[in-house]
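**Q** So the protein lines, in turn, are chains B, Z and C.
At position 11 of the first sequence the residue is numbered 11 (this note's numbering), and the sequence of numbers has no breaks.
At position 118 of the second sequence the residue is numbered 1118 (this note's numbering), and the sequence of numbers has no breaks.
At position 197 of the third sequence the residue is numbered 2197 (this note's numbering), and the sequence of numbers has no breaks.
Ideal placement from N, C-alpha and C gives every residue a C-beta, glycine not left out.
Have a look at the structure that comes next, please.
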Amino acid sequence: MIEFLTNFLSTYGFLIVSMTFSAMLALSLYLPLMTGQLSLASPGFYALGGYIAAWMSTELYPPLATGTTFPIPSLFVEMLIAAVACAILALLVGVPALRLRGIYLALATIAFVEVLRVLSLNLDVTGKAIGIFNIPQPFVTKIEYLYISLPMLIVCIIFMYRLERSRVGRAFRALREDELAATAMGINPTYYKVLAFMMGAILAGMVGAVSAHFLNTWNARQGTFDLSILVLAYVIIGGSRTFWGSIVGGMLLTALPEVLRAVAGIQGLPPFLTGFLTEGRLIIYGFLIALGTLFFPQGLITPEFLRRFARPPKASTPTKSKPLQTPST
Amino acid sequence: MNIALFFQQIANGLAIGSVYAIFALGYTLIFSILGIINFAHGAVFTLGAYFTYTFMGLAFGFNGLLAQQKLPFGLPFPIALVLGGLAAGAIGVLIERAFFRPLRMRGGDSLLTLVSSLGIAVAIVNIIQYLVGAEAYAYPMSALGGLPPSVNFGTPESPLIVRTVQIVIFAVSMIILAGLTYLINATRTGKALRAVAEDATTASLLGINTDRLIMFTFFLSGFVGGIAGTLVGLSVTVTGPYFGIAFGLKGLAVIVLGGLGSIPGAVIGGLVIGLAEALVPSQSSALKEAVAFAILFVILLVRPQGIMGRVQVQKV
Amino acid sequence: MSNVVLQASKLTRMFGGLCAVNEVSFDVLEGEIFGLIGPNGAGKTTLFNLVTGMTPPTSGRLTYRGQNITGLRAHRIAALGIARTFQNIRLFGNLSALENVMIGQHLSATTNTVSSIVGLPASRREENKTRDRAYELLEMVNLLSKADDKARNFAYGDQRRLEIARALALNPQLLLLDEPGAGMNPNEKAELSTFIRQMRQQFNLTIVLIEHHVPMVMGLCDRIAVLNFGLLIALGNPAQVQNDPAVIEAYLGD
Chain B
1 MIEFLTNFLS TYGFLIVSMT FSAMLALSLY LPLMTGQLSL ASPGFYALGG
51 YIAAWMSTEL YPPLATGTTF PIPSLFVEML IAAVACAILA LLVGVPALRL
101 RGIYLALATI AFVEVLRVLS LNLDVTGKAI GIFNIPQPFV TKIEYLYISL
151 PMLIVCIIFM YRLERSRVGR AFRALREDEL AATAMGINPT YYKVLAFMMG
201 AILAGMVGAV SAHFLNTWNA RQGTFDLSIL VLAYVIIGGS RTFWGSIVGG
251 MLLTALPEVL RAVAGIQGLP PFLTGFLTEG RLIIYGFLIA LGTLFFPQGL
301 ITPEFLRRFA RPPKASTPTK SKPLQTPST
Chain Z
1001 MNIALFFQQI ANGLAIGSVY AIFALGYTLI FSILGIINFA HGAVFTLGAY
1051 FTYTFMGLAF GFNGLLAQQK LPFGLPFPIA LVLGGLAAGA IGVLIERAFF
1101 RPLRMRGGDS LLTLVSSLGI AVAIVNIIQY LVGAEAYAYP MSALGGLPPS
1151 VNFGTPESPL IVRTVQIVIF AVSMIILAGL TYLINATRTG KALRAVAEDA
1201 TTASLLGINT DRLIMFTFFL SGFVGGIAGT LVGLSVTVTG PYFGIAFGLK
1251 GLAVIVLGGL GSIPGAVIGG LVIGLAEALV PSQSSALKEA VAFAILFVIL
1301 LVRPQGIMGR VQVQKV
Chain C
2001 MSNVVLQASK LTRMFGGLCA VNEVSFDVLE GEIFGLIGPN GAGKTTLFNL
2051 VTGMTPPTSG RLTYRGQNIT GLRAHRIAAL GIARTFQNIR LFGNLSALEN
2101 VMIGQHLSAT TNTVSSIVGL PASRREENKT RDRAYELLEM VNLLSKADDK
2151 ARNFAYGDQR RLEIARALAL NPQLLLLDEP GAGMNPNEKA ELSTFIRQMR
2201 QQFNLTIVLI EHHVPMVMGL CDRIAVLNFG LLIALGNPAQ VQNDPAVIEA
2251 YLGD
C-alpha cells in the first residue's frame, strides 16, 4: 500500500501539483468574470510573476551551496513581490482597459498578453528567447510543491467562499447581472471591476512565481494566448457561476490528457485506438471543449447543483416589529 | 533607409497587408452576421495551406499517420490554390453545422460560441499534427511556374527589386477583394447578407433563408481564410500545425483596428498593420510581432469602435 | 413653503441631431409626489436618466438640495439619496430576491472591503443587519415567501414590487419611479396609488413618477409636469394641467 502510494505520487506528483496551479489560474480568470468582465490577461500576470521569481532566485539571491535547497522564506518574498508588481500593473492596465466591454475587453487583454510575450522575447532581463533556466529548487521532488500549492489553494477557496457571500461579492455579481442597475444602487463600477481584475492578477502572479521554480525554467512560452484559451476553457467547462466551477474545471481539464494516456494503456485495445489516444489526446481535448459548451452550457458545476449539498440556510428571523401595511396586490 | 529599400518595404507591407485584409474579412463576415468571433478561423487558414500542398500532389514528411503519402496526381499551383480555398470553405461549413448551429439553436450566449471555436481550433491544430506531423512544409520553387523569382522595377543602375511572390500575393488578394466587393454589393446574396447583418430577425421575416445564408458566410469565410493561408505559406513556408494561430491573433488586431463588422474597415486595417509592420526598422525586427498588438491595445483604449466602426449607443 | 429638493434648469440632451430633452426647467419640492406625463418619446425616461446620472446632459444644470449634481456619475448620485426604478425592469435576474434587496443596501455599509471579505465580527453583524432589513422590505412588498427565488422567475407584478423594494433599500430621500403601474389594470393601479402614498409617509420620501394613465396621475400627484417632444409644455397641480390648452392639444392631437 505504502509502495503503491509512493509510486503513485512519484508518477503523478507533477500532474497533481499542476492541477492545483490550474485551479488557481482558473480562479484568476473567474474573479474578473464575476463582475462580468471577460479578461484573458491572466497568462500575462502569470508570466510576469514567474519572471520575477526566476530573476530573483537566479540573479539576486546568492547561489546555493550544492546539495542544499532553495530557502522557502525567499520563495515567499518572491511571491510577495510578484503579487505587488502584478497589482500595480493590473491597476495601470485595468483602469483604462476595463472601460471596454465584452469581446473588446477580451481582445485588449489578448493584446496585453501578446505584447508582454514579445517583450520577454526581446529583453535581456527575461533571457530573450532562451528564457531563464536552472531556477533553484526549494524541494527535492515535484510532489513536495504541494506543501506550497495546496495551502495556497485552500486559502483561495476560503477567500472565494467568503467573497461570494460578502457585500463585495454581491457588488461583483450585481455588475455582472446588470451594470446600469448596479450603478443605480450606488455601486462604483470602476472600483469593483478594477478590484476584481487586480485580485485575479495578484493570484496569477503568485501562481507564476511558484510555477517558475516548479518548472525549473521560465520563458516566453509560459504566458501565451494558448494558456489564455486553456484557462478560459477551465472556467467555462467547469461552470462560470460559482468559483467551484473554476476549481473543478481547472483540475479535470489538466488531468484529462493524463487520463486519456492511462486509458490508452489499457490492455487489449485495438492498436489504432491506443495510438490515437496517446498521439491524438489533444484532438479529443479540443472536441471535448467544443462539445462541453453544447452539452454543459452552464458548466459542470452550477449554483443549483451545489445547493443540493448545502445545508439549508440558517432560518433568519425577520423583525416582527411594525411590519408595514401594504395593499394586497 | 535608402529609397530602394523603402520601396521594397512598402511592397512587402502591401503584400502582407493585403493578405491580412482578406484573412480578416473571414472574421468580419461572420462577425457582422452572427456577432461572434470565430477563433477557429486561424486553424482554417492553416488547413487551407495544407490542402493546397496536398492538391499539388506533394508528399508529406516522415511523421504522422499520412507520413510519405501523397495524391496520385499533382495539380498546378493556381488550381490547387483555389481547391485548397474551397476545401477550407467546406471545413468552415462543417464547423458551422456541427458546432455553431446547435449552439445557436440552444440559445447559448456568445461566450460559449467563443469557447467552442477555441476548442475547435485546438482540435484542428492537433488533427493536422496527428496526420502529417509538426514539421514545416514549403511549396516548391516551381509553384509559380516560369516566373522569375523577382522583378526589377528600377533601372539596372538603381534597382528596385520586388519578390515575385509578393506581387502574386498582392494580385491574388486584390482579385479576391474585388470579387467579394462585387458579391456583397451587386448580387442578391450580397444584399441578403447585408440585410441579415443589419437585423437578422427582420431579414428572416422578409423571407431570407437565414440558415443557408449563414452557411454560405462560413463557406466564404473559410474560403478566403484558406486562400490567405496558402498565400502566406507561399511567402514564408507553412511552419507547422500552429502556423495560423499567431496569424489568427493578428487578424483580430486588423478587424478591431478597422472596426468590428466593417468590410472596408477590415481592408484598411489589414493594409495599415501590414505597412506598420514592414516599416519597423530591421535592427528591431524582433519587436515586429508586437506592433499589431500594440496598435490593437491602443486603438481599443482610444477608439474602440475602430476606424470605420459605428459608435454603439447604450440603451437604458 | 417647502424646500426645493431637486431643481432642473434648462436641462438639455441631444442624441445625434435629435433633441430628447430641450431646455427643461422645474423644481421638485420636499415631500411631494411629482408626476411626469407626456406621449411616448416625449423624453420622460431620458429626463430620469439625466437626473440619475446615467446619461450626461448636453447642457443645463441639475441641483439636489442646493448641491450641483450635473455630470456626476450614477453611483455618486445614488449615494446622495436618489433611487430609481426602470421602465423595463432591471433586476439582477440570476440572484435571489433577497440578494437583490441586499445589494440595494450596498451604500449603507460602514465596514470596508477587506473586513467584509475576511468576515470580521463587525462585518458579520452588519451582514446580519442587512439581511434582516432585506427581509423587512420584502415583507413590505408581500414577497417574503419568495425571498430565495431567482428574480428572473418572478411574475411581472412581483418584479415591479421587488424593484421598488430594492430602490427603497437605498434609504433614498428622492425616489424616481419609471412607469410603476405599467401593465396593471385600473384596480391594481388604485392599490398602487395607495401604496405609493404609504411609502411616502413611511420613508419621508419625495417621489417623482412617470405614468401614462391620466386618472391615476391626477388622483395621486400633487403637481404634474407635461413633456412633449422634449419640451416642458405645462407644469402645475392636476386641475391646472388638465385644463391647459397645450396639454389638450398634445394629447388629442396625437
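May I ask you to verify whether the segment 1047 to 1058 of chain Z touches the segment 1137 to 1146 of chain Z, counting CB pairs closer than 8 Å and requiring at least 3?
**A** yes
**Q** Do we get a CB-CB distance below 8 Å when we pair residue 293(B) with the residues of chain Z?
**A** yes
**Q** Using the three-state DSSP reduction, which class does residue 2156(C) fall into: helix, strand or coil?
**A** helix
**Q** Leaving aside the five residues before and after residue 281(B) along the sequence, list all residues of the same chain whose C-beta is less than 6 Å from its C-beta, in chain order.
**A** The beta carbon of residue 281(B) sits closer than 6 Å to the beta carbons of 257, 260 from its chain, once the five residues preceding and following it are set aside; these are given in chain order.
**Q** Here's the rule I'm using: 16 or more other beta-carbon atoms within 10 Å means buried, otherwise exposed. How should residue 1282(Z) be labelled?
**A** exposed
**Q** Taking any Cβ of chain Z, which residues in the segment 272 to 303 of chain B have a Cβ under 9 Å from it, in chain order?
**A** 275, 276, 279, 280, 281, 282, 283, 284, 285, 286, 287, 288, 289, 290, 291, 292, 293, 294, 297
**Q** Counting pairs of Cβ atoms below 8 Å between the segment 1240 to 1251 of chain Z and the segment 1058 to 1075 of chain Z, do you hit three or more?
**A** no
**Q** Is there a C-beta anywhere in chain B that falls below 8 Å from the one on residue 2153(C)?
**A** no
**Q** So if DSSP puts residue 2149(C) in a beta bridge, which residue, or which two residues, is it bridged to?
**A** Partner(s): none; residue 2149(C) has no beta bridge.
**Q** Within its chain, find whatever has a CB closer than 7 Å to the CB of residue 1178(Z); leave out the 5 residues flanking it on each side and keep chain order.
**A** Once the five neighbours on either side are set aside, residue 1178(Z) has no close Cβ partner at all.
**Q** When we look at the beta-carbon of residue 1188(Z) and count the other beta-carbons within 10 Å, is it buried (16 or more) or exposed?
**A** exposed
**Q** Name, please, each residue of chain C whose Cβ falls closer than 9 Å to the Cβ of residue 112(B).
**A** None at all; the shortest Cβ gap to chain C is about 25 Å.
**Q** Is it the case that the segment 1210 to 1227 of chain Z contacts the segment 1095 to 1103 of chain Z, given that we only count it when at least three CB pairs across the two stretches are under 8 Å?
**A** yes
**Q** Buried or exposed: where does residue 59(B) fall if 16 or more other Cβ atoms within 10 Å of its Cβ makes it buried?
**A** exposed
**Q** Any Cβ of chain C within less than 8 Å of the Cβ of residue 159(B)?
**A** Yes - at least one Cβ of chain C is within 8 Å of the one on residue 159(B).
**Q** Under 8 Å between C-beta atoms, does residue 2118(C) make it to chain B?
**A** True, the Cβ-Cβ gap to chain B drops below 8 Å.
**Q** Let me know the beta strand (DSSP E) ranges lying completely inside the segment 2049 to 2116 of chain C, each 3 residues or longer, listed in chain order.
**A** Entirely contained in the segment 2049 to 2116 of chain C, the beta strand (DSSP E) runs reaching 3 residues are, in chain order, 2059 to 2064, 2082 to 2084.
**Q** Do the segment 67 to 79 of chain B and the segment 122 to 134 of chain B make contact, defined as three or more Cβ pairs closer than 8 Å?
**A** No, they do not touch.
**Q** Indicate whether at least one CB of chain C lies closer than 8 Å to the CB of residue 229(B).
**A** At a cut-off of 8 Å between beta-carbon atoms, residue 229(B) makes no contact with chain C.
**Q** From residue 2097(C) to residue 2166(C), what distance separates their C-alpha atoms?
**A** When rounded, the distance between both Cα atoms is 9 Å.
**Q** Rounded to the nearest angstrom, how far is the Cβ of residue 238(B) from that of residue 299(B), given a contact under 8 Å?
**A** 5 Å
**Q** Between the C-alpha atoms of residue 41(B) and residue 1005(Z), what's the straight-line distance to the nearest angstrom?
**A** Taking the straight line from one Cα to the other gives about 38 Å.
**Q** Tell me whether the beta-carbon of residue 263(B) lies closer than 8 Å to the beta-carbon of residue 142(B).
**A** no
**Q** Helix, strand or coil for residue 2014(C)? Go by DSSP, reduced to three states.
**A** strand
**Q** Taking 8 Å as the CB-CB limit, is residue 309(B) close to chain C?
**A** no
**Q** When burial is assigned at 16 or more other CB atoms within 10 Å of the CB, is residue 2044(C) buried or exposed?
**A** When all chains shown are included, residue 2044(C) counts as buried.
**Q** So that I know if they touch, is there some Cβ in chain B lying closer than 8 Å to that of residue 2038(C)?
**A** no
**Q** Can you name the residues of chain B whose CB is closer than 7 Å to the CB of residue 1289(Z)?
**A** Within 7 Å Cβ-Cβ: 118.
**Q** Contact between the segment 2149 to 2166 of chain C and the segment 2097 to 2110 of chain C is defined here as three or more beta-carbon pairs at a separation below 8 Å; is this criterion met?
**A** With the cut-off at 8 Å, the segment 2149 to 2166 of chain C and the segment 2097 to 2110 of chain C touch.
**Q** Comparing the C-beta of residue 2095(C) with each C-beta of chain B, is any distance below 8 Å?
**A** yes
**Q** Can you tell me which of the three DSSP states residue 156(B) falls into?
**A** helix
**Q** The beta strand (DSSP E) spanning residue 308(B) covers which residue range?
**A** Per DSSP, residue 308(B) belongs to no beta strand (DSSP E) and is neither H nor E.
**Q** I want to verify the contact list: residues of chain B whose CB lies under 7 Å from the CB of residue 1058(Z), in sequence order.
**A** Here the premise fails: no neighbours, minimum Cβ distance about 23 Å.
**Q** For a cutoff of 8 Å on Cβ pairs, would you count residue 1093(Z) as touching chain B?
**A** no
**Q** So residue 2035(C) is in the beta strand (DSSP E); what residue range does that whole segment cover?
**A** For residue 2035(C), the enclosing beta strand (DSSP E) begins and ends at 2033 to 2037.
**Q** Hey, out of 65(B), 171(B), 134(B), whose CA is closest to residue 214(B)'s CA?
**A** Of the listed residues, the one whose Cα sits closest to residue 214(B) is 134(B).
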